[in-house]
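*Asks:* In mature numbering (1 follows the signal peptide of the UniProt record, and there is no 0), the protein residues as written are -18 to -1, 1 to 191. Glycine included, C-beta positions come from ideal geometry on N, C-alpha and C. These numbers were taken from a predicted model, which means no experiment stands behind them. I have a structure here, written as C-alpha cells, and I will follow up with some questions on it.
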Amino acid sequence: MLTVLAWLCSSMLLSVSGGKLPEAEVEIDVLHRPFLCHRKTKYGDMLLVHHELYFENGTMLYTSRTDGDRHAMWFTLGIMEVLKGWDKGLQDMCSGEKRKLVVPPALAYGKEGKGKIPPESTLTFVVELLNIKNGPRSHESFQEMDLNDDWRLSMQEVSVYLRKEFERHGYPPNDTLHENMVKDIFNKEDANKDGFISSREFTYKHDEL
Ligand SMILES: *[C@@H]1O[C@H](CO)[C@@H](O)[C@H](O)[C@H]1NC(C)=O
Ligand SMILES: *[C@@H]1O[C@H](CO)[C@@H](O)[C@H](O)[C@H]1NC(C)=O
Ligand SMILES: [Ca+2]
Ligand SMILES: [Ca+2]
C-alpha cells in the first residue's frame, strides 16, 4: 500500500517550486552498461533503483539490498522527489545500467546534513537502474487515463485509473480510499475548478535543472 500511495501522491500531487540550482556538478562514473538499451531515462520518467550510500571515507551508510529486493525504490526523475544529485546524475541511463555518483553537499544534504550525515558531506552513491516507466505526468499517461479522448480527465476517469493502478500493484480496490484520493487530486490539480483536469493542468511543471 505504501508504495502505491507514495507513487501516486508524490507524483500526482507534488507541485514543485524553487529557485536556481548552484553550479555544483555530480561526478558520474558508469560501472556497468548493458549491451541492449531500448530506452534512456529522461525527466518525468519513473525509475526503479537499488542503491548504496557511502561516506567519503568509504564507510557504507546504507544499502537497499539488505532484505533481498524488498527495498528497491520507485521515484520520478527530475521533480526533486530525490536528491538534486540524483536528478542530475541519473539522466540518459539504460535499464540494467549501474553508476557511481559522487554528489557534492550542495546537491545532497548541504550545510545542515541529515541524521547520520554530517554537514557539508560529499556522498557517494552506487545506483543500479532496474526499470523505467512512463511518468504519471507524461503525455502517454494522460492519454491512458483519458478514456473518451476529450483531452480532459473527469473524476470518473481518474477513479478508474486509480483502481487499475491498485490492481496492478496487487492491492484490493477500496472505494472509500479511491474516492478520497480522487477528491484530493482534484483539489490540487483542477486549478480552474471546472471539474476536469485538462491536459495543461495535468502536465507537471519542473524547474530547469
Ligand atoms: C566515516 O565518516 C563518517 C561520517 O563522517 C563517520 O561517521 C564514520 O565514523 C567514519 N568511519 C571511519 C571508519 O572513519
Ligand atoms: C479503505 O480505505 C479507508 C480509508 O483509507 C480505510 O479506513 C479502510 O480501512 C479501507 N478498507 C479496507 C477494506 O482496506
Ligand atoms: Ca476524458
Ligand atoms: Ca480544470
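Quick one: what does DSSP say residue 200 is sitting in, helix, strand or coil?
*Replies:* There is simply no residue 200 to check, as the chain begins at -18 and stops at 191 in what is shown.
*Asks:* Can you give me the C-alpha to C-alpha distance between D11 and F168, rounded to a whole angstrom?
*Replies:* For the purposes of this step, residue 11 is identified with residue 29 of the sequence shown, where counting begins at 1. For the purposes of this step, residue 168 is identified with residue 186 of the sequence shown, where counting begins at 1. C-alpha separation (whole angstroms): 42 Å.
*Asks:* Is W68 closer than 8 Å to L30 when the C-beta atoms are compared?
*Replies:* By 1-based counting over the sequence shown, the position of residue 30 is 48. By 1-based counting over the sequence shown, the position of residue 68 is 86. Their beta carbons are not under 8 Å apart, which means L30 does not touch W68 by this criterion.
*Asks:* Quick one: residues with CB closer than 7 Å to any heavy atom of ligand 1, in chain order, please.
*Replies:* Those residues are F37, E38, N39, T41, K98, P100, S103, given in chain order.
*Asks:* Please tell me whether W133 and S181 are closer than 8 Å, where the distance is taken between their beta carbons.
*Replies:* In the sequence shown, residue 133 corresponds to position 151, counting from 1. In the sequence shown, residue 181 corresponds to position 199, counting from 1. In this structure, S181 lies closer than 8 Å to W133 by Cβ.
*Asks:* Could you check which residue in Y153, F178, S46 has the C-alpha nearest to that of K165?
*Replies:* By one-based count along the sequence shown, residue 165 stands at place 183. When only C-alpha atoms are compared, the closest one is F178.
*Asks:* Step through the CB atoms of chain D and report whether any lies within less than 8 Å of the CB of T23.
*Replies:* Absent from the structure: chain D. Only one protein chain is present.
*Asks:* Tell me which residues share the same chain as G117 and place their Cβ nearer than 6 Å to its Cβ, disregarding the 5 neighbours each side in the sequence.
*Replies:* One-based indexing of the sequence shown puts residue 117 at position 135. Taken in chain order, the residues that qualify are G26, D27, M28, T58.
*Asks:* What residues sit near ligand 2, counting only those whose C-beta is closer than 5 Å to one of its heavy atoms, in chain order?
*Replies:* Listed by chain position, these are N156, T158, L159.
*Asks:* If you follow the alpha helix (DSSP H) that I163 is in, where does it begin and where does it stop?
*Replies:* Looking up residue 163 in the sequence shown gives position 181. Correcting the residue type first, residue 163 is Met in the shown sequence and not Ile. 157 to 171 is the extent of the alpha helix (DSSP H) around M163.
*Asks:* Shortest alpha-carbon distance to H53 belongs to which of V109, F148, Y91?
*Replies:* As a first step, residue 53 must be located in the sequence shown, where it is residue number 71. Minimum Cα distance to H53 is reached at V109.
*Asks:* Ignore the nearest five residues each way along the sequence and tell me which others in V8's own chain have a CB closer than 8 Å to its CB.
*Replies:* Within the sequence shown, residue 8 is the residue found at index 26, counting from 1. Once the five neighbours on either side are set aside, the close Cβ partners of V8 are G67, K70, G71, L83, V84, V85, P86, L89.
*Asks:* Can you check which of these residues, H32, N113, K146, is closest to L129 by C-alpha distance?
*Replies:* For the purposes of this step, residue 129 is taken as residue 147 along the sequence shown, with counting starting at 1. Of the listed residues, the one whose Cα sits closest to L129 is K146.
*Asks:* Any heavy atom of ligand 4 closer than 7 Å to the Cβ of N169?
*Replies:* In the sequence shown, the residue the question calls residue 169 occupies position 187. Not under cutoff, so the answer is no.
*Asks:* Taking C-alpha atoms, which residue in H20, R150, K96, N174 lies nearest to L65?
*Replies:* The residue given as residue 65 occupies position 83 in the sequence shown. Closest by alpha carbon: K96.
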